[in-house]
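J.:
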Amino acid sequence: MNETASISVLPEVFLSEILSLTSPRNACRAAAVSKEFKSAADSDTVWKRFLPPDYDEVIAQAVSPVAFDSQKKLYLHLSDSHILLDRGYLSFQLDKESGKKCYMLGARELSIAWQDDTRYWEWGRIPESRFPEVCILREVWWLGIHGRIAAVMLSPKSTYVAYLVFRTTGYARGLTVPGKTKEKGWVDGDHIGRI
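In my numbering, the protein residues as written are 1494 to 1688.
1) For residue 1635, count neighbouring C-beta atoms within 10 Å of its own C-beta (all shown protein chains included) and say buried if the count is 16 or more, exposed if not.
2) Can you tell me which of the three DSSP states residue 1561 falls into?
3) Which of the three DSSP states, helix, strand or coil, is assigned to residue 1500?
4) Is it a yes or a no for the segment 1590-1610 touching the segment 1633-1648, going by three-plus beta-carbon pairs under 8 Å?
5) At 4 residues or longer, and completely inside the segment 1530-1592: list those alpha helix (DSSP H) runs for me, N to C.
6) With distances taken Cα to Cα, identify the nearest neighbour of residue 1594 among 1657, 1570 and 1544.
7) Sort 1507, 1531 and 1584 by Cα distance to residue 1571 and report the nearest one.
8) For residue 1668, which three-state DSSP category applies?
9) Checking 8 Å against the spacing of the C-beta atoms, do residue 1642 and residue 1598 come in under that value?
10) Name the two residues that bound the continuous beta strand (DSSP E) containing residue 1629.
11) Roughly how many whole angstroms lie between the Cα atoms of residue 1591 and residue 1611?
12) Might you give, ordered along the chain, the residues of its own chain that have their beta carbon closer than 7 Å to the beta carbon of residue 1531, omitting 5 neighbours on each side?
13) In the structure shown, what three-state DSSP assignment does residue 1509 receive?
14) From 1632, 1620 and 1658, pick the residue whose C-alpha is nearest to that of residue 1669; which is it?
15) May I ask which residues mark the beginning and end of the alpha helix (DSSP H) holding residue 1523?
16) In this structure, how does DSSP classify residue 1691 when only helix, strand and coil are distinguished?
17) Going by beta-carbon coordinates alone, are residue 1551 and residue 1513 separated by less than 8 Å?
18) Let me check understanding here. Comparing Cα to Cα, which of 1565, 1645, 1553 and 1506 lies closest to residue 1516?
19) How would you call residue 1600, buried or exposed, if buried means at least 16 neighbouring beta carbons within 10 angstroms?
20) State the beta-bridge partners of residue 1617 as determined by DSSP.
Pasting the structure below:
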């Protein structure tokens, strides 16, 4: 007599535990295998493992409420779109593949040389921006921008990069794009920085 065991006969709790040790992509693929796999792959046990350990603290800081009825839906929401934190000046999102935290600092969270001098900068709104306020360049001789984020906010054992995201509009005297860039990185106490 030739008998073969099927993994589908394992209790759902075991399947969920196994799938939670894989990746979000693999969990989604496993859902297509059978109804038992789908039930396990969609379980909160699996998707809670893919979320950052402090996800509840992060979404509690959201400017707008984040409603979800399952851990999977929360993961997909946070990886498909950003949420705003810190009065709307900090954007948070998850990397869809890894579940690692991604942040974007709005202009009000940055230190920009001469940002409060109206000869050089003005604060305003741009409909396309995710942030409630942007810093609009009027004139510049040199550009100095610094940002800081507490290392404890970041995903552990991860490499981060910093990008300066900006849009040129009209004429800003003294600015040429592309300009020269200077990169500087440091670890300072509980902060990791990179310019």
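No residue lacks a Cβ here, since even glycine has one placed at the ideal position from N, Cα and C.
T.: Reading off the structure:
1) exposed
2) coil
3) helix
4) yes
5) 1537-1543, 1548-1553 and 1564-1573
6) 1544
7) 1584
8) coil
9) yes
10) 1627-1630
11) 42 Å
12) 1524
13) helix
14) 1632
15) 1517-1523
16) The chain is shown from 1494 up to 1688; residue 1691 falls before or after that span and cannot be answered.
17) no
18) 1565
19) buried
20) 1627
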